[in-house]
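Since the structure comes first, as structure tokens, the remarks are kept for the end.
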Amino acid sequence: MGVFSPLVDVMLVLLIIFLITVPVAIQVVPLTLPKVSNIPTSTKPENVNISVDANCDTYWGQTLVESKQELLDRGVKALKDDIARQEALGGKIELPEVHIRGDSNMEYRCVGGVVFTMQRAGFLKIAFVSEPSAGFVPTR
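The number in the working numbering is simply the position in the sequence shown, starting from 1, with 289 added.
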């Protein structure tokens, strides 16, 4: 019986160590994580659709935008025009959104520059458009 005594002692020590350390290891900051759901995009005529291809070329709708300054100018003008249109109607002003479609083979800096430029233009809602996987069923 004396041969098994050190093994039992070692196992008891390990058990005590694990009983003490496991509750410490699994403690996390209590957070309420957001619930994610994919909702199909609601297309409104005032929303701005921007596409960025694999060559980092930026398109406003179907029109090629030559520079970031042109993109900024178009964004500012579109936002001002839409606000003026909504003020003329006399209702609550809802700012349009920017929907960005980016080629999966492009570098992030391409779309990052577009996001930064549209934020500078005054747009508050910027969304990325993606293609859902096969068999995707949207939830609400």
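Don't be surprised by glycine CBs; every beta carbon is placed ideally from N, CA and C.
For clarity, every value in this text was computed on a predicted model and none was experimentally measured.
Which listed residue (the options) has its alpha carbon closest to that of residue i
{"i": "Arg-390", "options": "Thr-347, Leu-303 and Asp-298", "result": "Thr-347"}
{"i": "Ala-343", "options": "Leu-308, Val-354 and Cys-399", "result": "Cys-399"}
{"i": "Glu-396", "options": "Phe-307, Cys-345, Leu-308 and Val-337", "result": "Cys-345"}
{"i": "Gly-350", "options": "Gly-380, Gly-379, Gln-375 and His-388", "result": "His-388"}
Spatial neighbours of residue i in its chain, beta-carbon cut-off 7 Å, leaving aside the 5 residues before and after
{"i": "Glu-335", "result": "Asp-371 and Pro-385"}
{"i": "Ala-410", "result": "Leu-361, Gly-364, Val-365 and Leu-368"}
{"i": "Ser-340", "result": "Tyr-348 and Arg-390"}
{"i": "Asn-394", "result": "Ala-343"}
Bridge-paired residues (DSSP) for residue i
{"i": "Glu-383", "result": "Note: Glu-383 sits in no beta bridge, so no partner."}
{"i": "Phe-417", "result": "Ile-389"}
{"i": "Ile-339", "result": "Trp-349 and Ile-389"}
{"i": "Val-354", "result": "Thr-347"}
Near the ligand NAP: residue i beta-carbon under 6 Å from a heavy atom
{"i": "Glu-386", "result": "Of the ligands one can find in the structure shown there are none, so the ligand NAP has no counterpart to examine."}
Distance between residue j and residue i (C-alpha atoms, nearest Å)
{"i": "Met-407", "j": "Val-311", "result": "48 Å"}
{"i": "Leu-413", "j": "Ser-356", "result": "21 Å"}
{"i": "Ala-377", "j": "Glu-383", "result": "13 Å"}
{"i": "Gly-380", "j": "Val-403", "result": "30 Å"}
{"i": "Thr-332", "j": "Val-418", "result": "11 Å"}
{"i": "Gly-401", "j": "Ile-415", "result": "11 Å"}
{"i": "Leu-296", "j": "Glu-420", "result": "58 Å"}
{"i": "Phe-307", "j": "Val-337", "result": "57 Å"}
{"i": "Thr-352", "j": "Ala-373", "result": "24 Å"}
Neighbourhood of residue i by C-beta, 6 Å cutoff - its chain only, sequence neighbours within 5 removed
{"i": "Asp-392", "result": "Asp-342 and Ala-343"}
{"i": "Val-354", "result": "Thr-347 and Leu-360"}
{"i": "Gln-375", "result": "Ile-382"}
{"i": "Asp-298", "result": "none"}
Contacts around residue i, its chain only, beta-carbon distance under 8 Å, and the 5 residues preceding and following it disregarded
{"i": "Phe-405", "result": "none"}
| Three or more C-beta pairs below 8 Å linking the region 357 to 367 and the region 295 to 304 | Flag = no, the region 357 to 367 and the region 295 to 304 do not touch.
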